[in-house]
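Undergrad: Using the numbering used here, you'd call the opening residue of the sequence shown number 922 and step up by one each time. Quick one: the structure is below, and I'll ask about it shortly.
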Amino acid sequence: MNQINKIFFTLILGALLAFSTVVNADSHTKNKLVIQVSTDDPRTQRIALNNAVNLQKLYGVDNIQIEIVAYGPGLGMLTKKSGLAQRVESLAMQDITFSACGNTMKKVASKTGNMPKLLEGVGQVTAGVARIMELQQQGYAYIRP
922 MNQINKIFFT LILGALLAFS TVVNADSHTK NKLVIQVSTD DPRTQRIALN
972 NAVNLQKLYG VDNIQIEIVA YGPGLGMLTK KSGLAQRVES LAMQDITFSA
1022 CGNTMKKVAS KTGNMPKLLE GVGQVTAGVA RIMELQQQGY AYIRP
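This is the structure in structure tokens:
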């Protein structure tokens, strides 16, 4: 009977250790979020930036990956003419990824004759909507303020 107790105790201890490892690994999972900006409304654009900052504060910069994808009328937020230019450049240095839609940029260039000038730290993707879809397929949560 003593041998059975030892085996039982060992099995229980092993199960507890395995469970705690699973829980511990899960608590280090990096959160991932994509934020869509497709409007030229400055208030909505500020809300998108506020959402990103608030989540970085909540989870910690190292525990959340955030990408803001701008297309259509929202592209202006990521250009040199934006009223939010300083804030976007600052957030880009704080591990928030900004992606500008290449399709929108081409459309603006064909209408104005000039390619929009993106802010420092802003990347370009082929298609904003496709980028959002790809990120969702990679497990990113999606919000649109």
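All C-beta atoms in this analysis are idealised placements derived from N, C-alpha and C, irrespective of residue type, glycine included.
Alpha carbon to alpha carbon, how far is L1039 from Y992? Give it in angstroms, no decimals.
TA: So the alpha carbons of these two residues sit roughly 13 Å apart.
Undergrad: If we count the other Cβ atoms within 10 Å of its Cβ and call it buried at 16 or more, is R1065 buried or exposed?
TA: So R1065 counts as exposed.
Undergrad: I want to see whether chain C comes within less than 8 Å of G993, judged by CB atoms only; does it?
TA: Given the protein chain composition of this structure (a single chain), no chain C is represented.
Undergrad: Decide if S1031 is buried, meaning its Cβ has at least 16 other Cβ atoms within 10 Å, or exposed.
TA: Exposed: under 16 other Cβ atoms inside 10 Å.
Undergrad: Give every residue of the same chain whose Cβ lies closer than 8 Å to the Cβ of N970, excluding the five residues on either side of it in the sequence, and list them in chain order.
TA: It should be pointed out that residue 970 corresponds to Leu in this sequence rather than to Asn. Excluding positions up to five away in sequence, the list reads I989, L1005, R1008, V1009 and L1012.
Undergrad: Measure the alpha-carbon distance for G1060 versus K978 and round it to whole angstroms.
TA: Spanning the two alpha carbons is a distance of roughly 21 Å.
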